[in-house]
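Peer 1:
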Amino acid sequence: MFAARFTTRSFFSSTVYREMCTASAPIMNNLENISKSQTAALLQERCILVDEKDQVIGSATKLDSHKWDPKEKSCPLHRAFSVFLFNTKGELLLQQRSLDKVTFPGNYTNSCCSHPLYGGQEMDGVQGAVAAAMRRVNYELGVPTDQMKASDFQYLSRILYSGHVPGSPFAEHEVDYIFFLQKDVTLQLNPEEVMSAQYVSRSDITQYLKKLEQEKVPITPWFSLIVKHFLLKWWDNLSCLEQFQDHNTIHKL
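At position 168 of the sequence shown (counting the first as 1) the number is 168 in the UniProt record's numbering, and the numbers step up by one without a gap.
1) With 16 other CB atoms within 10 Å as the buried threshold, where does L43 fall?
2) Give me whichever residues DSSP pairs with T109 in a beta bridge.
3) Please report how far the alpha carbon of F153 lies from the alpha carbon of E213, in whole angstroms.
4) When you compare only the Cα positions, how much space is there between D51 and G125?
5) When we look at the beta-carbon of K62 and count the other beta-carbons within 10 Å, is it buried (16 or more) or exposed?
6) State yes or no: is the C-beta of L92 within less than 8 Å of the C-beta of F84?
7) Can you tell me the Cα-Cα spacing of F230 and K89, whole angstroms?
8) Residue range of the beta strand (DSSP E) that A132 falls in?
9) Check each candidate in D176, N190, G120, Q245 and name the one with the smallest Cα separation from L141.
10) Rounded C-beta distance between S59 and R79? I'm assuming under 8 Å.
11) To which residues of the same chain is K67 closer than 6 Å at the C-beta, ignoring the five residues directly before and after it?
12) So with Cβ pairs under 8 Å, would you call S168 a contact of chain C?
13) Determine whether the beta carbon atoms of L94 and Q198 lie at a separation below 8 Å.
14) Since R158 sits in a beta bridge, which residues does DSSP pair it with?
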């Protein structure tokens, strides 16, 4: 049984929450303290490198894809995805990233975020990102594969963004495919990926995020940007998301 914490109650009085109320975001400075499986993934898995039009230009290991170049003030642009998982009550699952993550450890973020891998079916645009999303939702959140299918993932749009914590040797620079998924699923969190998770209602989300900000609890840059530009409008229209689907635009944020 995984040891990561899942709760549907308020976390603001919890021990985990209080421990994360720090003046600055945690930083992963090296790979010495992360798990063997995380290290293996960083060294063996290859991300899809793209240009700003999302055209494939090559590949690099997950580690090299996230190395911060202080001269360029960036890291290689690569393809990613973000899943927003809602239950049938319309509540959104948020997660707190494991402290083993090299980018934005301990940050709060959307339900699942990762990368399609170079080679095979995951290179195929939206459908490739869906395949990667299904793989990672199973791996990170423990959702059984028989509880989701490709057609459950509703594609909305893509964003292009970058994010870096000063002092960290790692960063993000991604073309991020955004998916909504609404259904009741079984969760069994992988503690090497997710420290904790909680469903949050539409009526509570603004206060929830404001409280995190007030207490200096970090949230990931991609989640912050999606909240600012898209999330609430899309969330208010869960039953008719087709009107927001945009396969042509990459929003540079």
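Ideal Cβ placement from N, Cα and C applies to all residues, glycine included. Fair warning: this is a prediction, and the values are worked out from it, not measured in the lab.
Peer 2: Inspection of the coordinates gives the following:
1) Along the sequence shown, read from residue 1 onward, the residue named residue 43 stands at position 43. Exposed, because fewer than 16 other Cβ atoms sit within 10 Å of the Cβ of L43.
2) Indexing the sequence shown from 1 puts residue 109 at position 109. Its beta-bridge partners are Q95.
3) The count along the sequence shown starts at 1 and reaches residue 153 at position 153. The count along the sequence shown starts at 1 and reaches residue 213 at position 213. Rounded to whole angstroms, the gap between the alpha carbons of F153 and E213 is 30 Å.
4) As a position in the sequence shown, residue 51 is number 51, starting the count at 1. As a position in the sequence shown, residue 125 is number 125, starting the count at 1. One C-alpha to the other measures close to 14 Å.
5) Translated into positions along the sequence shown, residue 62 becomes position 62. In summary, K62 is buried, with 16 or more beta-carbon neighbours lying within 10 Å of its beta-carbon over all protein chains present.
6) The count along the sequence shown starts at 1 and reaches residue 92 at position 92. The count along the sequence shown starts at 1 and reaches residue 84 at position 84. Yes, they are a contact pair.
7) Start at 1 with the first residue of the sequence shown, and residue 230 comes out as number 230. Start at 1 with the first residue of the sequence shown, and residue 89 comes out as number 89. Going by the C-alpha atoms only, they are around 20 Å apart.
8) Counting from 1 along the sequence shown, the entry for residue 132 is found at position 132. Per DSSP, A132 belongs to no beta strand (DSSP E); it is in the alpha helix (DSSP H), 125 to 141.
9) The residue you call residue 141 lines up with position 141 of the sequence shown. Considering only alpha carbons, the answer is N190.
10) In the sequence shown, residue 59 corresponds to position 59, counting from 1. In the sequence shown, residue 79 corresponds to position 79, counting from 1. So it is not a contact: roughly 10 Å between Cβ atoms.
11) Taking the sequence shown and counting its residues from 1, the one referred to as residue 67 is at position 67. Residues of the same chain with a CB within less than 6 Å of the CB of K67, apart from the 5 flanking positions on each side, are C75 in chain order.
12) The displayed structure is made up of one protein chain only, and chain C is not part of it.
13) Position 94 of the sequence shown, counting from 1, holds the residue named residue 94. Position 198 of the sequence shown, counting from 1, holds the residue named residue 198. Yes, these two residues count as a Cβ contact at 8 Å.
14) Taking the sequence shown and counting its residues from 1, one reaches residue 158 at position 158. Answer is Y177, I250.
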